[in-house]
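Asks:
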């Protein structure tokens, strides 16, 4: 049990919030386990954090790239040294199976190391000038204070894949993590202290949506990076646009697997099941639809049922666990109601919760038949271990069904036909295009982002991060 109220992290110090309003966070595997009590950060807390970041900005942007690289590398090393502790904390707070939690910590370390390298990479170009005696080149300058609003499902990796590039390119940061993962935000701040990041360069404000709104609307915030729902992303975009500040919003998906008639069905079934059901489907890139060519539907469904049933559902600290609980009782109830309202046919199910699991938000994985691509269940992002199946006449029909959504984040085609793969690559309307792989994840050095309603059209990670966290100036010098 934990009754300690988590502090804010501002200006390099842990400080009490000025707000008396609080939230509690319980372990989704065991609702009797109180993980944290967290303040709902006030506008004064936000102003304090932004002021600290603004005060640190001038010195940080002047710091040579190699020095910023050293700081980021140290941060990654601190995280690596605390890997077991951080993985267990992730598992306890958000219900992520320990194997995936360890993977998230490893990814966080890689992110810090990668952006340590980016901090010393060339960041401009020389451009021929029309005048014969002129030197013309570009510089990429930091924006200033950036606000990061992040979700609970990757409470270490997503804050870092935003904060690390922001810092590498000379910005300072105020992070507002999810109110469902406040202890991980606190632990991330602890690692920043241990890595000796300069005071004010990285700040954490705990709170809820009102805290986030105050942060997005603060006049000294020059850019906002958000990951979350379409509804909140729209609010963030409108608020940033009203102030004419840069923003990026990543807003989920209705990700799809297409199984062609010539697919390796064993591989397709195993990776579709994993992409849909691991971590209870609570990834923005999780597979929520599978579209199967009619001629192989029965054979594929038999293999898919076996693959889903083989995924262990159990204690998240068990290395064999794959599925895990849903994040809150409210999320569990929302998905249960959606399935009941749809009245869909259940094609196969995964492992059911055991008696000892009844104290958590456990949800039995299920594959259902979608009546049509226009059905509500085919269009809503459920964020749950629920996979909807549609039948297609051929590949072109499957691609049309796949594109019939407001989302456009991730898709995968299973096929052995190279020409079919290339036709799909050209036609599918998603930002993350896979062939013969699952829909989840992306390398930290590759651009990440969606199309249509999944994204503001910007990209995170890789070299694309530089474009968001800097502004370009063109310099021309005449002799």
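Numbering (my numbering), first residue to last: 2 to 480. Ideal placement from N, C-alpha and C gives every residue a C-beta, glycine not left out. Since this is a predicted model, take the numbers as computed values, not measurements.
(1) Would you mind stating whether residue 125 and residue 140 have Cβ atoms separated by less than 8 Å?
(2) Less than 8 Å between the beta carbons of residue 279 and residue 101, yes or no?
(3) Could you tell me the distance, in whole angstroms, from the CA atom of residue 66 to the CA atom of residue 171?
(4) Extract the residue ranges of the beta strand (DSSP E) inside the region 199-232, only unbroken runs of 3 or more that lie entirely within it.
(5) Report the residue from 120, 332, 200 whose alpha carbon sits nearest the alpha carbon of residue 54.
(6) Which whole runs of the beta strand (DSSP E) in the region 126-173 are 3 residues long or more, in chain order?
(7) Three-state secondary structure (DSSP) at residue 434?
(8) Would you mind working out which of 58, 6, 14 sits nearest residue 23, comparing C-alpha positions?
(9) When the Cβ atoms of the region 126-134 are set against those of the region 431-440, are three or more pairs found closer than 8 Å?
(10) Here's a check: name, in chain order, each residue in its chain whose Cβ is nearer than 8 Å to the Cβ of residue 467, leaving out the five neighbours to either side.
(11) Find out if the Cβ-Cβ distance for the pair residue 33, residue 147 is shorter than 8 Å.
(12) Under a three-way DSSP split, which group does residue 11 fall into?
(13) Once DSSP output is grouped into helix, strand and coil, what is the label at residue 52?
(14) Which residue comes first and which comes last in the beta strand (DSSP E) that contains residue 347?
(15) Check for me: the alpha helix (DSSP H) holding residue 267 runs from which residue to which?
(16) Who are the Cβ neighbours of residue 127 in its own chain at under 6 Å, not counting the five residues just before and after it?
(17) Are the beta-carbon atoms belonging to residue 196 and residue 79 less than 8 Å from one another?
(18) Compute the Euclidean distance between the alpha carbons of residue 3 and residue 360, then round it to the nearest angstrom.
(19) So, is residue 473 buried or exposed, given that buried needs 16 or more other C-beta atoms within 10 angstroms?
(20) Secondary structure at residue 3, three-state DSSP: helix, strand or coil?
(21) Note the first and the last residue of the continuous beta strand (DSSP E) segment covering residue 389.
(22) Can you look up residue 260 in the DSSP assignment and give me helix, strand or coil?
(23) Alpha carbon to alpha carbon, how far is residue 378 from residue 222?
(24) Give a yes or no on whether the minimum CB-CB distance between residue 116 and chain D is below 8 Å.
(25) Starting from the C-beta of residue 314, find all residues in its chain whose C-beta is less than 6 Å away, skip the five residues before and the five after it, and write them out in chain order.
(26) Whose C-alpha, out of 342, 38, 29, is nearest the C-alpha of residue 96?
(27) Can you tell me which residues form a DSSP beta bridge with residue 27?
Replies: Straight from the coordinates:
(1) As a working note, residue 125 is residue 124 in the chain shown. As a working note, residue 140 is residue 139 in the chain shown. Yes.
(2) Here residue 279 refers to the residue found at position 278 of the chain shown. Here residue 101 refers to the residue found at position 100 of the chain shown. Yes, the pair counts as a contact, with Cβ atoms nearer than the cut-off.
(3) Position 65 of the chain shown, counting from 1, holds the residue named residue 66. Position 170 of the chain shown, counting from 1, holds the residue named residue 171. Their backbone Cα atoms lie some 8 Å apart in a straight line.
(4) As far as the region 199-232 is concerned, its whole beta strand (DSSP E) runs of at least 3 residues are 203-205, 222-228.
(5) The residue you call residue 54 lines up with position 53 of the chain shown. Considering only alpha carbons, the answer is 200.
(6) 135-143, 146-150
(7) In the chain shown, residue 434 corresponds to position 433, counting from 1. Here residue 434 sits in strand by DSSP.
(8) Within the chain shown, numbered from 1, the residue matching residue 23 stands at position 22. Considering only alpha carbons, the answer is 6.
(9) Counting Cβ pairs under 8 Å, fewer than three are found: no touch.
(10) Numbered from its first residue, the chain shown carries residue 467 at position 466. Short of 8 Å from the beta carbon of residue 467, and not among the five residues preceding or following it, lie these beta carbons of its own chain, in chain order: 119, 124, 141, 166, 170.
(11) The residue labelled residue 33 in the question sits at position 32 within the chain shown. The residue labelled residue 147 in the question sits at position 146 within the chain shown. No, they are not a contact pair.
(12) As a working note, residue 11 is residue 10 in the chain shown. Residue 11 falls in the strand class under three-state DSSP.
(13) Numbered from its first residue, the chain shown carries residue 52 at position 51. It is helical.
(14) The residue labelled residue 347 in the question sits at position 346 within the chain shown. Start and end: 347-350.
(15) In the chain shown, counting from the first residue as 1, residue 267 sits at position 266. Here the alpha helix (DSSP H) through residue 267 covers 266-278.
(16) Translated into positions along the chain shown, residue 127 becomes position 126. Only 138 meet the Cβ criterion.
(17) Position 195 of the chain shown, counted from the start, is the residue given in the question as residue 196. Position 78 of the chain shown, counted from the start, is the residue given in the question as residue 79. In this structure, residue 79 lies closer than 8 Å to residue 196 by Cβ.
(18) What you label residue 3 is simply residue 2 of the chain shown in a count that begins at 1. What you label residue 360 is simply residue 359 of the chain shown in a count that begins at 1. The pLDDT assigned to residue 3 is 48, lower than 50, so where the model puts this residue is not dependable; a value taken from the coordinates is nonetheless given after this. In a straight line, the C-alpha of residue 3 is about 18 Å away from that of residue 360.
(19) On the chain shown, position 472 is the one that residue 473 refers to. By the 10 Å Cβ count, residue 473 comes out exposed.
(20) The residue labelled residue 3 in the question sits at position 2 within the chain shown. Unreliable positioning characterises residue 3 in this predicted model, as indicated by a pLDDT of 48, which lies under 50. A coordinate reading is not provided.
(21) On the chain shown, position 388 is the one that residue 389 refers to. 387-393 is the extent of the beta strand (DSSP E) around residue 389.
(22) Here residue 260 corresponds to residue number 259 of the chain shown, with the count starting at 1. DSSP places residue 260 in strand when its eight states are reduced to three.
(23) Along the chain shown, one-based indexing puts residue 378 at 377. Along the chain shown, one-based indexing puts residue 222 at 221. So the two alpha carbons sit approximately 38 Å from each other.
(24) The displayed structure is made up of one protein chain only, and chain D is not part of it.
(25) The count along the chain shown starts at 1 and reaches residue 314 at position 313. Correct list, in chain order: 324, 352.
(26) Your numbering for residue 96 matches position 95 in the chain shown. For residue 96, the nearest C-alpha among the options comes from 29.
(27) For the purposes of this step, residue 27 is identified with residue 26 of the chain shown, where counting begins at 1. In DSSP, residue 27 forms a bridge with 35.
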